[in-house]
Amino acid sequence: MKKISFLFIFFIGFINAQKLTPNETSIINQGDITTALPIYQTTDSHQHKTLLSLSTEIDPVDPNTATLVKRMKESLLSTDGGVGIAAPQVGINRKVIWVQRFDKEGNPQEYFINPVIVWRSELQNLGPEGDLSIPEFRDQFYRSKVIQLEYVDLKGQKYSEIVEGFTAVIFQHEIDHLFGILISDKKEKEKNDSYKKVDAFKKSDSVTR
């Protein structure tokens, strides 16, 4: 009986941990829910703090999650050439991202809920990156060439796939956001690291995510 009670309490605690706070639901539903949410900037101290905060999982079947997903897409579409966006960039520290899939025909934009990189290749590429939340910042970064990703959709269905090349770079960039990692800070941390350069980055233009 004690074991069953413990498991029940653990399960209820897990579900509650996924519930959106009143402040989060207010941000998600503020104004016209069919329009873009403002993209947070590091130049604003309050917004910068949100960008540096750790994100938690979100309940995929909560109607507010569907609204967040839709409005995040509108936020991405409102940018000039952005290829990805993470929920912290619209003020919500939850694990939701949008990524443009350059590895698929037509380069579609797709959402991913509670994404986790479960494996990364040791082979890395060096390529340019920018960020929608960091004005006028561009630099070169090392990223794993291939990753294995797990995530769920708005119905709670779980998926797993292998992603490589430029699309894998975008995934790694956006998932970094979920851990409060910004490329401006990442560059400082990489100064003491050593890598073998691989000229396999296929997209030469610097893009923003």
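One point on numbering: in our numbering, the residue at position 194 of the sequence shown is 184, and numbering is uninterrupted. We put the beta carbon where it would ideally sit given N, CA and C, even for glycine.
Residue j beta carbon less than 8 Å from that of residue i
i, j, result
"Ile107", "Ile137", "yes"
"Pro125", "Thr69", "no"
"Arg133", "Gln99", "no"
"Ile152", "Gly74", "no"
"Ile173", "Phe131", "yes"
"Thr46", "Asn19", "no"
"Ala158", "Lys135", "yes"
"Asp49", "Gln114", "no"
Same chain only: Cβ atoms within 6 Å of residue i, ignoring 5 sequence neighbours per side
i, result
"Leu10", "Asn54"
"Val142", "Pro50, Ile103, Asn104, Lys148"
"Leu144", "Pro50, Ala56"
"Ala26", "Glu64, Ser65, Ser68"
"Arg61", "Leu27"
"Glu140", "Val106, Val108, Ser150"
Exposed unless 16 or more other CB atoms sit within 10 angstroms - verdict on residue i
i, result
"Asn104", "buried"
"Gln90", "buried"
"His36", "exposed"
"Arg128", "exposed"
"Thr24", "exposed"
"Tyr149", "exposed"
"Gly117", "buried"
"Leu44", "exposed"
Whole-angstrom C-beta distance between residue j and residue i, which should lie under 8 Å
i, j, result
"Val59", "Val86", "6 Å"
"Leu42", "Gly170", "5 Å"
"His167", "Pro78", "5 Å"
"Tyr101", "Lys39", "That belief does not hold up - the Cβ atoms of Tyr101 and Lys39 are roughly 25 Å apart, past 8 Å."
"Gly155", "Asp93", "6 Å"
Same chain, Cβ closer than 7 Å to residue i, five either side skipped, listed in chain order
i, result
"Gln31", "Gln37, Ser123, Pro125"
"Glu201", "Nothing about residue 201 can be reported from this structure: the residues present for the chain run from -9 to 199 only."
"Arg110", "Ser134, Ile137"
"Asn97", "Gln90, Arg91"
"Thr15", "Asn54"
Below-8 Å beta-carbon distance, residue i vs any chain D residue
i, result
"Lys94", "This model lacks chain D altogether; it includes just one protein chain."
8 Å CB neighbourhood of residue i in its chain, flanking five on each side removed
i, result
"Ile17", "Leu27, Val80, Gly81, Ile82"
Near the ligand HEM: residue i beta-carbon under 7 Å from a heavy atom
i, result
"Pro53", "Among the ligands in the structure shown, none appear at all, so the ligand HEM cannot be discussed."
What ranges does the beta strand (DSSP E) occupy inside the region 31 to 119, keeping only unbroken runs of at least 3 residues that lie completely in it? 74 to 76, 86 to 90, 99 to 110
Give, in chain order, every unbroken run of the beta strand (DSSP E) that is at least 3 residues long and sits entirely within the region 141 to 171. 148 to 154
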